[in-house]
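Chains as they are written, first to last, in my numbering: chain A, 30 to 273; chain B, 26 to 131.
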């Protein structure tokens, strides 16, 4: 563990460097999606400044797309806010998982960290925490580098995104490729493979059966619980000593 | 800035922040029972898989299973590369390159 001073400039500089190194796949993906969101939000009636402010205050891709579509369709405050809430509930699971690695962090730091929890920053930070040599500073750097990229690229998309060809350089696949590799890092034993397969299949079934993105929350919740059951039942205990 | 839009953005910000923040505060400040730690240990693998599979296997609105998109077929070599090399940077670059190639032909 790095000594926890919080003001040490040298420690921060290294942490930010490490965070940027870890965050680049996220940033690539955010540039692609951010530009696309900017274009769509502009078409739905948002001004560039409003797009930037939304990315800064909300910072959650899919709910921003939905909000733009809803506003474009004439929806008002309550439906948009309620939909946003339900779409972003899935972060509960991610914050819960991250809490294991942020034990007894000061409240104000925890509050700042919470702001940057996204599907992508969660995936990167969780993998690094597990590998070790990762602290809250590095994780915070990942969150904020990704956040800056998001705010900048959505605003840029709102200003001039229509001039950028969509699908350039396979950018649209960057986040999927990142998730695939980070998933591979998580497969530390048979039981994790089983949980992942179950979660994926359930997610596909629920995604087809129900609108919205509850499938992420529901499938992960059920698959993790099944994993717990399996571990208890089958004496998978022996696999427990992974790097943790 | 129009005030109605500003209000919507602030509302969205508040309801997005709460699920991100509350579990961190509630869970990081107290000892957790072992079963919960075990359960949370499965969450990353579950979430990542639940994010990827629908993204590569379903499309459209309403969503349906769609097996002939480059997303799905590019994922096989990408997954193989990730399993072999365990390289995040390599996987992202290879995946993007293959996807780019695939979308030229499909």
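A virtual CB, placed ideally from N, CA and C, is assigned to each residue, including glycine.
Problem - Partner residues on chain B for residue 192 of chain A, Cβ-Cβ distance less than 7 angstroms - result: As a position in the first chain, residue 192 of chain A is number 163, starting the count at 1. Close to residue 192 of chain A, with beta-carbon spacing below 7 angstroms, lies no residue of chain B; the smallest spacing is near 20 angstroms.
Practice task
Step through the CB atoms of chain A and report whether any lies within less than 8 angstroms of the CB of residue 87 of chain B.
Solution key: The residue given as residue 87 of chain B occupies position 62 in the second chain. It does; some Cβ of chain A falls within 8 angstroms.
Handout entry: Within chain B, the residues that residue 68 of chain A reaches when beta carbons sit closer than 9 angstroms
Key = Locating residue 68 of chain A in the first chain gives position 39, counting from the first residue. The premise fails here: residue 68 of chain A is roughly 18 angstroms from chain B at the closest Cβ pair, so nothing lies under 9 angstroms.
Exercise for the section: Kindly confirm or deny that the stretch 92 to 108 of chain B and the stretch 199 to 216 of chain A touch, where touching means at least three C-beta pairs closer than 8 angstroms. Expected result: These segments touch.
Problem - Backbone CA spacing between residue 198 of chain A and residue 125 of chain B [nearest angstrom] - result: Your numbering for residue 198 of chain A matches position 169 in the first chain. Your numbering for residue 125 of chain B matches position 100 in the second chain. Residue 198 of chain A and residue 125 of chain B have their C-alpha atoms roughly 6 angstroms apart.
Handout entry: One or two residues paired with residue 84 of chain B in a DSSP bridge
Key = Taking the first residue of the second chain as 1, we reach residue 84 of chain B at position 59. Bridge partners of residue 84 of chain B: B:89.
Practice task
May I ask you to report which of helix, strand or coil DSSP gives residue 122 of chain B?
Solution key: Working through the second chain from its first residue, we reach residue 122 of chain B at position 97. In the three-state reduction of the DSSP assignment, residue 122 of chain B falls in the helix class.
Practice task
With DSSP collapsed to three states, give me the class of residue 42 of chain B.
Solution key: Residue 42 of chain B sits at position 17 when you count from the first residue of the second chain. Of the three classes helix, strand and coil, the one that applies to residue 42 of chain B here is helix, per DSSP.
Exercise for the section: Just tell me which of A:192, A:161, A:125 and A:146 has its CA closest to the CA of residue 175 of chain A. Expected result: For the purposes of this step, residue 175 of chain A is taken as the residue at position 146 of the first chain. The shortest C-alpha separation from residue 175 of chain A is found at A:146.
Handout entry: Neighbour flag for residue 72 of chain B against chain A, beta carbons, 8 angstroms
Key = The count along the second chain starts at 1 and reaches residue 72 of chain B at position 47. It does; some Cβ of chain A falls within 8 angstroms.
Exercise for the section: Measure from the C-beta of residue 221 of chain A to each C-beta in chain B and report whether the shortest distance is under 8 angstroms. Expected result: One-based indexing of the first chain puts residue 221 of chain A at position 192. For residue 221 of chain A, the answer is yes, since a Cβ of chain B falls inside 8 angstroms of its Cβ.
Exercise for the section: Please decide whether residue 229 of chain A counts as near chain B, where near means a Cβ-Cβ distance under 8 angstroms. Expected result: For the purposes of this step, residue 229 of chain A is taken as residue 200 along the first chain, with counting starting at 1. Yes, residue 229 of chain A counts as interfacial toward chain B.
Practice task
Taking residue 114 of chain A as the query, report the chain B residues whose CB atoms sit under 7 angstroms from its CB, ordered along the chain.
Solution key: Along the first chain, one-based indexing puts residue 114 of chain A at 85. Proximity of chain B to residue 114 of chain A at the Cβ level (cut-off 7 angstroms) is accounted for by 40, in chain order.
Handout entry: Short CB-CB distance (under 8 angstroms) between residue 270 of chain A and chain B
Key = By one-based count along the first chain, residue 270 of chain A stands at place 241. In this prediction, residue 270 of chain A has a pLDDT of 46, which is less than 50 and means its spatial position is unreliable; what the coordinates show is noted afterwards. At a cut-off of 8 angstroms, the C-beta of residue 270 of chain A has no neighbouring C-beta in chain B.
Problem - Within-8 angstroms CB hit, residue 173 of chain A to chain B - result: The residue labelled residue 173 of chain A in the question sits at position 144 within the first chain. Taking 8 angstroms as the threshold, the shortest C-beta distance from residue 173 of chain A to chain B does not fall below it.
Problem - Backbone secondary structure at residue 173 of chain A - three-state DSSP - result: Taking the first residue of the first chain as 1, we reach residue 173 of chain A at position 144. Three-state result, residue 173 of chain A: helix.
Handout entry: Selection from A:105, A:84 and A:153 that minimises the alpha carbon distance to residue 113 of chain B
Key = The residue labelled residue 113 of chain B in the question sits at position 88 within the second chain. Here the closest residue by C-alpha is A:153.
Practice task
Pull out every residue of the stretch 89 to 101 of chain B whose Cβ sits closer than 7 angstroms to any Cβ of chain A, in chain order.
Solution key: Flagged, chain order: 89, 90, 96, 99 and 100.
Handout entry: Spatial distance of residue 119 of chain B from residue 68 of chain B (CA atoms)
Key = Here residue 119 of chain B is taken as the residue at index 94 of the second chain, counted from 1. Here residue 68 of chain B is taken as the residue at index 43 of the second chain, counted from 1. Near 27 angstroms, if we compare the C-alpha coordinates of residue 68 of chain B and residue 119 of chain B.
Handout entry: Positions along the stretch 56 to 68 of chain B whose CB lies within less than 9 angstroms of some CB in chain A
Key = Listed by position along the chain: 57, 60, 61, 62, 63, 64, 65, 66, 67 and 68.
Practice task
Closer than 8 angstroms by beta-carbon distance: list the chain A residues that pair up with residue 81 of chain B, in chain order.
Solution key: The count along the second chain starts at 1 and reaches residue 81 of chain B at position 56. For residue 81 of chain B, the residues of chain A that pass the 8 angstroms Cβ criterion are 205, in the order they occur in the chain.
Exercise for the section: Determine the chain A residues that contact residue 28 of chain B at a beta-carbon separation under 7 angstroms, and present them in chain order. Expected result: On the second chain, position 3 is the one that residue 28 of chain B refers to. Those do not exist, as residue 28 of chain B stays about 11 angstroms from chain A at its closest Cβ, beyond 7 angstroms.
Problem - chain B contact residues for residue 142 of chain A, given Cβ-Cβ distances below 8 angstroms - result: As a first step, residue 142 of chain A must be located in the first chain, where it is residue number 113. In chain order: 49.
Problem - Residues that residue 75 of chain B contacts on chain A, provided the C-beta gap is smaller than 8 angstroms - result: For this step, residue 75 of chain B is matched to residue 50 along the second chain. One finds 228, 229, 231, 232, 244, 245, 248, 249 and 252 in chain A with Cβ atoms closer than 8 angstroms to the Cβ of residue 75 of chain B, taken in chain order.
Practice task
Please list the partners that residue 35 of chain B has in chain A, where partner means a Cβ-to-Cβ separation under 7 angstroms.
Solution key: Residue numbering aside, residue 35 of chain B sits at position 10 when the second chain is read from its first letter. For residue 35 of chain B, the C-beta contacts it makes with chain A under 7 angstroms involve 86, in order along the chain.
Practice task
Assign residue 51 of chain B to one of two classes, buried (16 or more other C-beta atoms within 10 Å of its C-beta) or exposed (fewer than that).
Solution key: Reading the second chain from its first residue, position 26 is the one you call residue 51 of chain B. Within a 10 Å sphere around the beta-carbon of residue 51 of chain B sit fewer than 16 other beta-carbons, which makes this residue exposed.
Practice task
Confirm, please, whether the CB-CB distance from residue 242 of chain A to residue 44 of chain B is below 8 angstroms.
Solution key: Here residue 44 of chain B is taken as the residue at index 19 of the second chain, counted from 1. Here residue 242 of chain A is taken as the residue at index 213 of the first chain, counted from 1. Against a cut-off of 8 angstroms, the Cβ pair of residue 242 of chain A and residue 44 of chain B comes out as no contact.
Exercise for the section: Starting from the C-beta of residue 69 of chain A, find all residues in its chain whose C-beta is less than 7 angstroms away, skip the five residues before and the five after it, and write them out in chain order. Expected result: On the first chain, position 40 is the one that residue 69 of chain A refers to. Cβ within range, chain order: 94 and 97.
Exercise for the section: Decide yes or no for the touch test of the stretch 127 to 135 of chain A against the stretch 252 to 261 of chain A: beta carbon pairs closer than 8 angstroms, at least 3 of them. Expected result: For the pair of segments examined, the stretch 127 to 135 of chain A was found not to touch the stretch 252 to 261 of chain A: the number of CB pairs separated by less than 8 angstroms stays below three.
Practice task
Taking C-beta pairs closer than 8 angstroms, name the residues in chain B that residue 200 of chain A reaches, listed in chain order.
Solution key: Taking the first residue of the first chain as 1, we reach residue 200 of chain A at position 171. For a Cβ distance threshold of 8 angstroms, residue set 121 of chain B lies close to residue 200 of chain A, ordered along the chain.
Exercise for the section: Could you tell me whether the Cβ atoms of residue 224 of chain A and residue 116 of chain B are closer together than 8 angstroms? Expected result: Start at 1 with the first residue of the first chain, and residue 224 of chain A comes out as number 195. Start at 1 with the first residue of the second chain, and residue 116 of chain B comes out as number 91. No. Outside cutoff.
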